[in-house]
Structures are given as structure tokens and as C-alpha cells.
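As they're listed, the protein sequences go chains B and H. In this text, residue positions in the first sequence follow this note's numbering: the first is 1, and each later residue adds one. In this text, residue positions in the second sequence follow this note's numbering: the first is 1001, and each later residue adds one. Cβ atoms here follow ideal geometry from the backbone N, Cα and C, with glycine treated the same way. Note sheet for the following structure.
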Amino acid sequence: MPKIIKKERLSELVYRYRIDAPRIARMRRAGQFIILRATTDGERVPLTIANASAQEGWIEVIFQVVGKSTKILSILSEGNDIIDLAGPLGRPTHIEKFGRCLCIGGGVGIAPLFPIVTALKAAGNDITTILGARSSNLLLLEDDMKQLSNRLIVTTDDGSRGTRGFAADIVKKLLGEGEKFDFSVVIGPAMMMKITSAITVAAGIKTFVSLNPIMIDGTGMCGGCRVTVGGVTKFACVDGPEFDASKIDWDEMLKRLNGYRKFEQESLERHNCIITGRPS
Amino acid sequence: MTTTNKNAGRAGRTAMKEQEPGVRVKNFNEVPLGYTEAEAKAEARRCLQCKKPMCVEGCPVNVKIPEFIRLVAEGKFIEAARKIKETNALPAICGRVCPQETQCEIRCILGKKGSPVAVGNLERFAADYELAHGKFVMPAMKPKNEKKVGVVGSGPAGLTTAGELVKEGFDVVIFEAFHEPGGVLVYGIPEFRLPKEIVRKEINYLEKLGVKLERNFIVGRTATIDGLMKEEGFDAIFVGSGAGLPSFMHIPGENSIGVYSANEYLTRSNLMKAYKDDADTPIIRGRHVVTVGGGNVAMDSARTALRLGAQTSTVVYRRTETEMPARAAEIHHAKQEGIIFKLLTNPVAVLADDKGFVKGIRCIRMELGGPDESGRRRPVAVKGSEFDIECDVVIIAIGNSPNPLIPETTPDISVSKHGTIVASEADGRTSKKFVYAGGDIVTGAATVILAMGAGKAAAKSIIEDLLISINK
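This is the structure:
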């Protein structure tokens, strides 16, 4: 069974697990994800492969505690098994030498951005990276990204690190100063992707986003992850997770993400009652 | 002692006791309760023991029907089960989900004047009896032959192929993408129609014979077919990956919250256990649920909705009951349970509130025109006949198309324009040497037993190609 070989807490709610998974490590490409389950009868949780070593046979995932399943996952320790781990899933990112790339990550979306930036860098691109987070304690992988990027700009909503404001503000500023980019990738919360990619798309930059809709099997079987792209229904798990930002029906996507919010809240509260004996 | 007699045949068919409709819609337990020993013997004695049994020809895996029924009539129940297992590795499953009325029972001579022998019920009885009372007995096994075969998918096609090959001495590994094996038998068919305990026991039996199972292994992603054959020593691969991608209607509002594919709805309830109150995977428990489609999967979805607490569960189907592809028993059970059937009706739009949640479905009335390519009369919309049905969950059960993962990652395998793998129905051979395929990935969505028949045919070819031809 796949074992957790290293556990790190990157911020209050964000963890990085290195998992022993030689087959997945060998087959995976940037942009792909895995599905795991932490307990019997637990949910199937999709997570982007943030990093991997084919030689050493491990993959890394970075996740934020948002509901019961990620809460349980966060309680596991080094040496514990992940009872179910399947992948790599989804289509790999299309990587080529585009020229000047603008890579924008928001919050926990910085994790899935990391392997893409790594691959773009390896393909010889010039990389400007913008990292945004609500606050400095929620900012991920700043040092790693700095090493990969020709230029790194950090921004936080509260100004506790870098400039104060949103990633979208930085994008507007750079474009306003006449900077040109050949390619952009934006990964973060859905609303952040919608707003930020609208700016790059308007500037005529080919822009991709990585979607994180609700999914169960991750192999195309359930259709729960469907999104409308260019007027056509696509399954994020097999047709994506990356899509051309200019073609996505964002409003539908945002609505669908809220479909189970009520259930998630109830499930987490029930779980907290069980482990703490009191409502959260 | 006379165990069969001609007069017994004239007696009526022995009905199987069932949970009362009013009770069973409140639970997920199996609906038919099974025969008692006396009922099974009585039903078995109706069999005329034809010299040329037509029923056997109607069975895709040619179960020795009169022979096993005779053993039931003689009270040799375990022997009866083993007789079935000579040609069918999964009798407890087939007894429950095969469309007997179009395969074996339709050919029964007794059916000409009265009702046919209840072959399915007897098969189920014998198989259940063996599961409950029989000790595990290793069947006749050939010595190990040093050949290794990979089986993609642990649904009915894959399980059958694996069972056939392991008995022939092959080293067999099944690759299953999910965390639990069984394919459609576990994610698709609900507990009330096929208890998962039975599927587990049947798979457990194969494991005892030496079949290895790799869960969470997605062929095409975790390893490719070429990788398995060139780098990991597999001599042949059988692809039984099923009809993976759910079809949608492509009508406005179809991506509203509360519109499920039947695959998603049933997977949430069956595989992920959303029907249990404390399950982690949620499911929207609609008050008024509309299911679109007329097959077994539509019946399963509509009946699941009732059990999840729906006040009304409606099936919308664009043709009439005569054309419905579902098993007769499923339609019968659905009606008993109070499922509303809106026939000659087709959805044109899903209606949603401003937050994107389903609030209804707009339908149009249909009438039957001339026959189409399937020979069934084509439904034609009646202009201006639109009407709305209020509902909060819509389930689309209009079929599946093949999963593209294996065709995409196996460049030299021929694929039809529908995305199915091209393989001979008679022998399962594909365009790629030592790669075989069968079941829904070849035929498009069909039945469990047809998939099993295809698995068996492919196993026969694998034995020929790997053992016989090579040694010539």
C-alpha cells in the first residue's frame, strides 16, 4: 500500500505529503492528478500531483483542510498507508517553448501551478510568476517558485507579505506598463481564475486554467465534473483538468461548485462532534 | 424415484416470495427473497428434460440447464450449482440479473402453452445454496503454464475471462480502476437487486483459484497495455473496461445542480454508500425525482430514488412500454413500488432556479412514426405539446459511450466510429496481436451475460493463441 514517507505542514491548514508511489511517479506528467481515499467508506479526493521523482519513486500532494475528508487525511502521520491511491489522471499540460510566460497562482492553487512552472522552465521559457494569498501564513512554495522563476511577485490580500491586493491587480499593472506575454496559466479558487484570466484573455494572451470541479471516479465514468467549454459539455477528469480560459462558462462552473456546500458543512460538523465531543 | 414428471410441467410456475412493495421502498434489502428447498424442488420438477434443450442454445454461456435443474429436483443442490459453474463462473449474479425472458426461458417448451420453467430463479437458488452451505472445493485445475495474462476491468467480462484462464493454468492479474472490484456489479446495480455480499463472494472464489487483483490501477494511465506487455511480461491482455462515459441529452439546463448521470447517481449510492446516513459522499435526496430512459439502469435509478426518500419518482421515456429495454421483472417491480411512468414523453429542457438548482423538467409528448434502423418505431415530437414536471433531481439514464482511455493510449488498436474497440464477437480478437476485448467496450452498453459470453469466447482464443498455436 502507498505509504506517507514525509509529512510537512506548510501553513495552518495546508499540508504536503510525500507518498511512496513508484508507478505513478514514473508515468505522471505536469498537470495530472491522483485520487485518494484516507479511510474505508471515505470520499474519493482528487489532488494535483505537485511534484514527483521517477528515480526515487515518490509523488507529492499538497492539500488544504476544507472538509471532513481532508481533515481526516491531515491526521495521518509519516509511515501511515494511504488505503487507496489511483493515478495519474487527467490530460498532461501541453508544454512547449512559448516564450514569455505569466504564471499566476492563488492560495492552495499554487500547489498545482508548481509542476507546470517546473515543466515550462525546463522547456526554456522566460517565467514571471505571481503568487497571491489571503495572508502571508497562507502563502505556499514561495522559495521553490523563486528558484524556478525569472521574476517572482508576491501579493497578499492583507498586505502581510509582498504588495497589498489581488493577483489580478498585479496583472493589470504589468500589462498597463506595456509588458507582453505569449502564454499564461492561472490556477486558484474558481472566482480568482475567472477574474484574473478575464484580464489576460482581454489582452490577447493565450490563457489556460486548471479546474477543480467535484468528481468521484476521475476516469470519466460519472460525469459529475462536467463543465461547459466553448458551448460543449466536457468532463474535467478526462478532457481536462486544464482548459482554455476564454471558452469556459464560469458562471455555471461556480454554481456547480456550490452544489454540495450544505452537505460538506454538515459532514464536517458531525465529524468534529465525534472527535472533539463538541460542535465546531 | 421420479424427480421430473410431465404432469408437473402443467402446474403453475412457482412464484418467488418478495418483500412487500410498501416495506421494500423503505430499505435497500433485496426484493425477491429466494426459493425454499421445497419450492425449488417443485419448480425444478416442472422441467420436461427435453432431449434437445432449446433453453441451452438461448444462453450466451450455454449453461447446462436441464442437467442442473434435474439435480435441483433430486435435492442435490450443491451438485446443481457446480453443474452451472462448469460453464458459468457467476451463477448467483446471473440468476438475478440475466434477462431470462429473452434468452433461456423464452425457448422453454412449457412457455408455449403456459409459463416457462423459472430457470433464473432456480439458478439463483442453487448458487445461493452453495454459497451458504458448500465448502470451497478447488475445481479441476490445469498445471501452471508459465503464461501471464492481464485482464483490464473486474466487471462481468473480466471476471469471466479471469476465471476461465486461471483454471487453464495461466497466471492471471485483474486490473481494476476503482478501489473495489466488480465493475458495474458494484457501482451500477443496486443492493436491492444484487447484494454486494454476493459479488464479493464470487470474486473471493476467483481469488481462491489464484486470480490476483490490482485495485486502483488504471490501464492507460498507471501503465499502458504496451508497457504491461513489453516491460512487465504479460503475454496477452483482455480488455473488458466497460462502457465508461455517460451520455447526456445536450438540452438546456442539463448542467444544473441536481442533474445526475445514472452512473453518478448510482455510484454515489452504491459504491460510495451515500444511501447510509453517515456516509462521507453526499447525494441530493430529491423530493420529486425524474429519471430519463427506459432500460434497467433507469429502473435502478428510479427505484433507488424512492429508497432515498423521494415522495415521487417518475420515469420519462420517449417510446412505449413495449419498446422499453428493461427486464420485464424490473418494470414490474418498479410499477409495484409506485414509480410513475410518463411514456411517449421526451425532455426538452431542465429548469433551474437562480442558484442553479433543478426545479423542474420541460417535456414534450411524442408519438410513434415509422421504424428506425433498430426496427423500433421512431418517436416523433408532437408540436406544441410541451409541459413541465416539477422536480428537484433529474437522472439521465440514456446510455453510455466507451471510455476513450485505452484506445487513446494504445495507438495500434482499431476503434469504431462510436469509440468501441473493434473485436470479433465470436473470438474476442482485436487488431492488435495478443490483445483481446469483450463486453460493453466492444458492443456498447449491453447486458451482464453478454459480457460474460464475450469474456468466455476471448478466453478460448487466448488459450488457442498462447498454448495451442505456439506449440504447433
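What residues of chain B sit near residue i, judged by a beta carbon separation below 8 Å?
i, result
"H:T1222", "R23, I24, M27, A86, G87 and P88"
"H:H1179", "R37, R44, I83, D84 and A86"
"H:Q1244", "A small fix is needed here, since residue 1244 of chain H is Gly in this sequence, not Gln. Under the 8 Å cutoff, chain B gives T219, G220 and M221."
Quick one: list the residues of chain H neighbouring residue i, beta-carbon separation under 7 Å, in chain order.
i, result
"B:Y260", "P1282"
Which residue's Cα is closest to the Cα of residue i: the options?
i, options, result
"B:I216", "B:L13, B:L36 and B:D158", "B:L36"
"H:D1427", "H:G1419, H:H1418 and H:A1437", "H:A1437"
"H:V1435", "H:F1234, H:G1022 and H:F1217", "H:F1234"
"H:A1223", "H:E1176, H:V1025 and H:N1296", "H:E1176"
"H:L1343", "H:A1127, H:A1015, H:T1322 and H:H1332", "H:T1322"
"B:G218", "B:V14, B:V209 and B:E43", "B:E43"
"B:A86", "B:V227, B:R100 and B:A38", "B:A38"
"B:W58", "B:R28, B:P46 and B:S77", "B:R28"
"B:I199", "B:L211, B:N212 and B:F183", "B:F183"
"B:V61", "B:M253, B:L47, B:I127 and B:F208", "B:L47"
Do residue j and residue i count as a contact pair if the criterion is CB distance below 9 Å?
i, j, result
"H:I1361", "H:Y1265", "no"
"B:M1", "B:I83", "yes"
"B:I214", "B:L257", "yes"
"H:I1463", "H:E1146", "no"
"H:I1257", "B:K172", "no"
"H:N1346", "H:R1377", "no"
"B:T295", "B:L152", "Nothing about residue 295 of chain B can be read from this structure; chain B reaches only from 1 to 280."
"H:K1355", "H:E1390", "no"
"H:E1030", "H:R1082", "no"
"B:G109", "B:G165", "no"
"H:V1211", "H:A1140", "no"
"H:P1282", "H:V1350", "no"
"H:L1159", "H:I1203", "yes"
"H:L1228", "H:I1237", "yes"
Anything in chain H within Cβ reach of residue i, meaning under 8 Å, just list it in chain order.
i, result
"B:V252", "What sits at residue 252 of chain B in the sequence shown is Glu, not Val. The contacting residues are N1255 and G1356."
"B:T228", "N1255"
"B:S77", "What B:S77 touches in chain H: nothing, since even the nearest Cβ is about 21 Å away."
"B:S267", "D1280 and P1282"
"B:R256", "N1255, I1257 and G1356"
"B:F243", "What B:F243 touches in chain H: nothing, since even the nearest Cβ is about 15 Å away."
"B:F263", "P1282"
If you count every other CB in all the chains shown that lies within 10 Å of the CB of residue i, and 16 or more means buried, which is it?
i, result
"B:I49", "buried"
"B:L10", "buried"
"H:M1452", "buried"
"H:P1379", "buried"
"H:E1105", "buried"
"B:R261", "exposed"
"H:R1303", "buried"
"H:F1136", "exposed"
"H:R1221", "buried"
"B:A202", "exposed"
"B:I248", "buried"
"H:T1002", "Unreliable positioning characterises H:T1002 in this predicted model, as indicated by a pLDDT of 44, which lies under 50. The coordinate reading is nonetheless provided below. Exposed is the call here."
"H:H1133", "exposed"
"H:D1171", "buried"
"H:T1430", "buried"
"H:A1328", "exposed"
"B:S280", "For B:S280, the predicted structure reports a pLDDT of 36, less than 50, and the residue's modelled location is therefore unreliable. The matter cannot be settled from this model."
"H:I1284", "buried"
"B:M253", "buried"
"H:F1387", "exposed"
"H:Y1392", "The sequence given here places Asp at residue 1392 of chain H; Tyr does not occur at that position. It counts as buried."
"H:H981", "There is no way to answer for residue 981 of chain H, as the model of chain H reaches only from 1001 to 1472."
Residues of chain B with CB under 7 Å from residue i, in chain order?
i, result
"H:T1429", "It should be pointed out that residue 1429 of chain H corresponds to Arg in this sequence rather than to Thr. In chain order: nothing, as chain B lies at least about 26 Å away."
"H:E1264", "I216, C222, G223 and G224"
Going along chain B, which residues have a C-beta under 9 Å from residue i?
i, result
"H:T1322", "Simply none; closest approach about 30 Å."
"H:H1418", "None at all; the shortest Cβ gap to chain B is about 15 Å."
"H:F1248", "G223, R226 and T233"
"H:I1218", "A86, G87, P88, L89, G218 and T219"
"H:R1268", "I216, C222 and G224"
"H:S1261", "M221, C222, G223, G224 and R226"
Using a Cβ cut-off of 9 Å, pull out every chain H residue sitting near residue i, in sequence order please.
i, result
"B:D41", "M1272, K1273, K1276, D1278, A1279, D1280 and T1281"
Quick one: list the residues of chain D neighbouring residue i, beta-carbon separation under 8 Å, in chain order.
i, result
"H:L1405", "Absent here is chain D; the protein component of the structure consists of chains B and H."
**Item:** Contacting positions in the segment 195-225 of chain B - beta carbon closer than 9 Å to chain H
**Value:** I216, D217, G218, T219, G220, M221, C222, G223 and G224
**Request:** Taking only beta carbons into account, state which residues of the segment 53-73 of chain B come closer than 7 Å to chain H, listed in chain order.
**Result:** K68 and S69
**Asked** Looking at chain H, which residues of the segment 164-183 of chain B have a Cβ within less than 7 Å of any of its Cβ atoms?
**Response** none
**Near-chain B residues of the segment 1282-1298 of chain H (beta-carbon distance less than 9 Å), N- to C-terminal order** = P1282, I1283 and I1284
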